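Chemist: If you scroll down you'll find the structure; I have some questions about it.
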Amino acid sequence: GIQVEQSPPDLILQEGANSTLRCNFSDSVNNLQWFHQNPWGQLINLFYIPSGTKQNGRLSATTVATERYSLLYISSSQTTDSGVYFCAVCETSGSRLTFGEGTQLTVNP
Amino acid sequence: GAGVSQTPSNKVTEKGKYVELRCDPISGHTALYWYRQSLGQGPEFLIYFQGTGAADDSGLPNDRFFAVRPEGSVSTLKIQRTERGDSAVYLCASSLTADYDTQYFGPGTRLTVL
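What follows is the structure in structure tokens.
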């Protein structure tokens with residue numbers, strides 16, 4: 030099956046800093062989603078982005094499907110951005126999401 | 519509108535018991551998915567339904583796990599003879615269709631097997 034690798038595994042920032050999270054995947058995909066899992070465990074949709082670039086406020090994402098990677102940018106980070114960020118993909122032959130191991134982000138005041 | 523809901527939010531049971539976990543998808547969503555998340559890991563796929571039928575159940579770990587969606591809306595995940603290793607958060611998601619669509623997740627059911 031498809032492999033998904035996220036980096037870095039852990040990231041500690043001061044409030045106001047910018048960061049880039051990376052997701053590499055091993056095969057062609059028809060779906061790529063970025064999620065934020067909050068401290069209560071809820072998976073919150075950030076982006077549906079199998080290709081191209083999207084922006085939503087302080088967050089933006091870019092997926093380069095031909096090179097099999099996606100980047101999530103967080104600008105002017107806030108303490109409420111803390112949590113685990115997951116990248117998840119669907120292979121072109123299926124509908125199931127395969128998740129990476131996540132990036133644990135801690136934003137300190 | 520209402521998101522995906524799951525009940526119960528927490529379930530504690532004893533080893534060997536039977537449990538049922540319920541998922542109410544977003545209204546009108548035809549695809550429904552079950553995932554399981556162990557501590558410190560990303561969610562792992564269990565099964566997905568397109569309408570009433572299980573389109574892919576390859577993620578179910580063994581025959582103690584079974585899921586149904588009899589009317590194409592609500593789904594129940596059933597676990598027989600629970601084991602301590604079944605302890606995890608069980609997540610349900612739904613999407614409008616099964617093709618190239620955003621999956622929306624519920625809050626999960628935390629299952630603890632003592």
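Top line first, the protein sequences correspond to chains A and B.
Sequential numbering from 30 applies to the first sequence in the numbering used here.
Sequential numbering from 519 applies to the second sequence in the numbering used here.
Where a beta carbon is used, it is the ideal one built from N, C-alpha and C, also for glycine.
All values reported here derive from a predicted model rather than from experimental measurement.
Going along the chain, which residues of its own chain have a beta-carbon closer than 6 Å to the beta-carbon of Ala573 (chain B), five neighbours each way excluded?
Modeler: Tyr566
Chemist: Could you name the residues of chain A that Phe623 (chain B) contacts, counting a contact when the two beta carbons are closer than 7 Å?
Modeler: Leu72
Chemist: Of all the CB atoms in chain B, is at least one closer than 8 Å to the CB of Glu130 (chain A)?
Modeler: Closer than 8 Å to some Cβ of chain B, the Cβ of Glu130 (chain A) qualifies, so yes.
Chemist: Does the distance between the C-beta of Ile544 (chain B) and the nearest non-hydrogen atom of the ligand FMN fall short of 7 Å?
Modeler: The model depicted lacks the ligand FMN and carries no ligand whatsoever.
Chemist: In whole angstroms, what is the alpha-carbon distance linking Leu126 (chain A) and Ile73 (chain A)?
Modeler: 15 Å
Chemist: Which residues, in chain order, does the region 85-104 of chain A contribute to contact with chain B at a C-beta distance below 7 Å?
Modeler: For the region 85-104 of chain A, there are no residues whose beta carbon sits under 7 Å from a beta carbon of chain B.
Chemist: Taking CB distances under 8 Å as the criterion, tell me whether Tyr77 (chain A) reaches chain B.
Modeler: yes
Chemist: In chain B, which residues lie less than 7 Å from Phe115 (chain A) when you measure between Cβ atoms?
Modeler: Identification of chain B residues near Phe115 (chain A) by a Cβ-Cβ cut-off of 7 Å yields Gly560, ordered along the chain.
Chemist: Which residues of chain A have a Cβ atom closer than 7 Å to the Cβ of Tyr566 (chain B), listed in chain order?
Modeler: Ser124 and Arg125
Chemist: Output needed for Leu40 (chain A): all residues of its chain with C-beta closer than 8 Å, excluding positions within five of it in sequence on either side, in chain order.
Modeler: Hits under 8 Å: Ser48, Leu50, Thr132, Gln133, Leu134 and Thr135.
Chemist: With distance defined between alpha-carbon atoms, name the residue in B:Ile597, B:Val586 and B:Tyr553 nearest to Tyr622 (chain B).
Modeler: B:Tyr553
Chemist: Within 10 angstroms of the Cβ of Gln598 (chain B), are there 16 or more other Cβ atoms? Answer buried if so, exposed if not.
Modeler: exposed
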